[in-house]
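**Q**
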Amino acid sequence: MTDYIVNIDATNAAALLIDESHKRPVVVDFWADWCAPCKVLMPLLEKIANEYQGAFLLAKVNADQQPGIAQQLGVRNLPTVMVIQDGQPVDGFAGAQPEPVVRRMLEKYLPKPWDGLLSRGLDAMARGDFNAALTPLRQAWTESKQRHDITLAYAQALIECQRLDEAETLLDGVKAADRDADYEQLRAYIATKREAAVSPEVRALEQQLAGNADDLDLRYQLAEAYAGNGLSRNAMEQLIEILRKDRDHGSGATKRKLLDMIGALGKGDPLAVEYQRKLYSLLY
């Protein structure tokens, strides 16, 4: 058992079925050992409870061992599932139901699975830790099927991390009807960030490299300057270009630099995945 999947008996029924329902929804599953449909339904409810990680309490009641509780709540058939909120049953069903039916009923009373991810991302942004915000916001954006407000939050985090091309691509996917004032503000912010990101040092190195494209040490200096200005994609692209011409450049320092940058982005980050693939195809 966990803090969101519990067995109910006479000693904890009042606390977990009634008191707890004032804090979060309680989903009560009445079952018995002899009930075959119960054994199909219970693993499904446990799977959903694990997905929601405590957003609701799954309370399992063995109706044969706890007949008083079953009688008090009017249970006549097994399995029976009911949702209790604020001390009162508000919904439920009898008999095993297919997963889509169960999920539709529960979704009426539960936060969306991505709400917690969105909250984590926004909290990180409020602390100014935009890199930490990227992973939960990306997951929330994917799981919510690109909900508009999450798209804008994710785009802002990308912009703050100087990942301007990715933010621009993200905003390109917003439907014309949804391009509101917040959307336009982010577009303008990208333009401002692009101007501010290019320091005099970077401009000078770009100009030098334009006249001497085969100078790999100069290209490495430019990669470091890009990285120092938060331009991760630009930096990694320069490092890849160096490795195309000299796989052991800097006695392996260039490859290590690229691997460190990929690792810093975090597992599953789209930019990290992109450059992992580029490095792999180059080396193997």
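First residue of the sequence shown: 3, per the numbering used here; consecutive thereafter. By construction, the Cβ of each residue, glycine as well, lies at the ideal position given by its N, Cα and C atoms. Please read these numbers as outputs of a predicted model, since none were measured by experiment.
1. Look up residue 62 in the DSSP assignment and give the residues it is bridged to.
2. Just the C-alpha distance for residue 147 and residue 120, rounded to the nearest angstrom, thanks.
3. What is the DSSP secondary structure of residue 83, counted as helix, strand or coil?
4. Answer with buried or exposed for residue 165, where buried requires no fewer than 16 other C-beta atoms within 10 angstroms of its C-beta.
5. Exposed or buried, which one is residue 57 when buried takes at least 16 other CB atoms within 10 Å?
6. Considering only DSSP beta bridges, list what residue 93 is partnered with.
7. From residue 262 to residue 196, what does the alpha carbon distance come to, in whole angstroms?
8. Using DSSP with H/G/I as helix, E/B as strand and the rest coil, what is residue 286?
9. In chain order, what residues of the same chain lie with their CB nearer than 7 Å to the CB of residue 96, ignoring the 5 residues before and after it?
10. Excluding the five sequence neighbours on either side, which residues of its own chain have a C-beta within less than 8 Å of the C-beta of residue 185, listed in chain order?
11. Report the rounded CA-to-CA distance for residue 131 versus residue 102, giving the unit in angstroms.
12. I'd like the span of the alpha helix (DSSP H) that includes residue 52, first residue to last.
13. Using a threshold of 7 Å, state whether the C-beta atoms of residue 59 and residue 28 are closer than that.
14. Please state if the CB of residue 227 and the CB of residue 203 are separated by a distance shorter than 7 Å.
15. Would you verify that the beta carbon of residue 42 is, or is not, closer than 7 Å to some beta carbon of chain D?
16. Give every residue of the same chain whose Cβ lies closer than 8 Å to the Cβ of residue 211, excluding the five residues on either side of it in the sequence, and list them in chain order.
17. Can you name, in chain order, every residue of its own chain whose Cβ lies under 7 Å from the Cβ of residue 192, other than the five neighbours on each side?
18. Taking residue 6 as the reference, which of 62, 43, 70, 40 has the closest Cα?
19. Please confirm if the stretch 103-119 is in contact with the stretch 138-152, defined as three or more CB-CB distances below 8 Å between the two stretches.
20. Where are the alpha helix (DSSP H) runs, 4 residues long or more, that stay fully inside the stretch 95-150, in chain order?
21. From residue 237 to residue 98, what distance separates their C-alpha atoms?
22. Applying the criterion that 16 or more other CB atoms from any shown protein chain within 10 Å of the CB defines a buried residue, is residue 24 buried or exposed?
23. For the alpha helix (DSSP H) containing residue 175, list its first residue and its last residue.
24. Measuring alpha carbon to alpha carbon, tell me which residue in 151, 163, 107, 159 is nearest residue 182.
25. Check residue 204 in the structure and name its three-state DSSP category.
**A** Inspection of the coordinates gives the following:
1. 9, 31
2. 13 Å
3. strand
4. buried
5. buried
6. 85
7. 24 Å
8. coil
9. 79, 82
10. 154, 173, 176
11. 38 Å
12. 38-54
13. yes
14. yes
15. The displayed structure is made up of one protein chain only, and chain D is not part of it.
16. 217, 220, 221, 224
17. 161, 166, 169, 170
18. 62
19. yes
20. 101-109, 117-128, 132-145
21. 56 Å
22. exposed
23. From DSSP, residue 175 is part of no alpha helix (DSSP H); its letter is neither H nor E.
24. 151
25. helix
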